[in-house]
Amino acid sequence: MSCSLLRKYKKSHFSCRFMFGGIEGRLRFGPPPGFSALIEAAANKLEIGECVSFGDIAKNVYTGPSILRQNTEPFVPKLVDISTVVLPHFAMEIHEKMAENLHELWAMRKIELGWSYGEVRDEKTRRHPCLTSFQQLPPNEKAYNINLAIDTMKTIEALRYHMILDESPVRLRPVRLPQK
């Protein structure tokens, strides 16, 4: 952390530059040897206030809050209420087949992106332990897919679309078409 003390208008202002390290944002570099930490340099009570955003994100130089973040609202999910939805009996009979299909669709997308099976998930080598058949998934992954399938079917019902069991007519017979 490098800091310089500026005296303007009888107030102390600190100009600080942080160098973040790792994905957790821990400070990689503390004050140089012989220098005190920022808190020790402040004679008065510190105030945290807004500052102008400047820096070069492409060069991993971050200073001040982003102006774009100040003007945007945080994302708050708005779920469809499915707490009172009761699925038809046949939907509960096919929920595991739907969960299996959801897993198959996910696996196809992963494989198309170059992923393959691996004992441990690894982003660099694109290995994933869940790239296997639905029956061989760990219990927690299987439960996740089953819950997703049930919640999806409940959402369809909550949006006032209805699932019905459509039985094929029993009296089907082949019809010959003319060859013209």
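Take 1 as the starting number for the sequence shown in UniProt numbering and just add one per residue. Beta carbons are placed, not taken as given, at the ideal position from N, Cα and C, and that holds for glycine.
{"Check": "Spatial neighbours of residue 185 in its chain, beta-carbon cut-off 8 Å, leaving aside the 5 residues before and after", "Outcome": "No statement about residue 185 is possible, as the shown extent of the chain runs from 1 to 180 and does not include it."}
{"Check": "Option nearest Glu167 by Cα separation, candidates Asn145, Pro138, Leu177 and Phe90", "Outcome": "Phe90"}
{"Check": "Between the CA atoms of Lys97 and Ala149 - distance to the nearest angstrom", "Outcome": "9 Å"}
{"Check": "Opening and closing residue of the alpha helix (DSSP H) in which Ile82 lies", "Outcome": "Element bounds for Ile82: n/a, residue is neither H nor E."}
{"Check": "Cβ-Cβ distance between Leu87 and Met153 below 8 Å", "Outcome": "yes"}
{"Check": "Beta carbon of Glu112 nearer than 8 Å to that of Phe134", "Outcome": "no"}
{"Check": "Beta carbon proximity, Asn140 to chain D, threshold 8 Å", "Outcome": "Judged by its chain identifiers, the structure shown contains no chain D, having just a single protein chain."}
{"Check": "Which of helix, strand or coil DSSP assigns to Tyr117", "Outcome": "strand"}
{"Check": "Cβ-Cβ distance between Ala143 and Ile82 below 8 Å", "Outcome": "no"}
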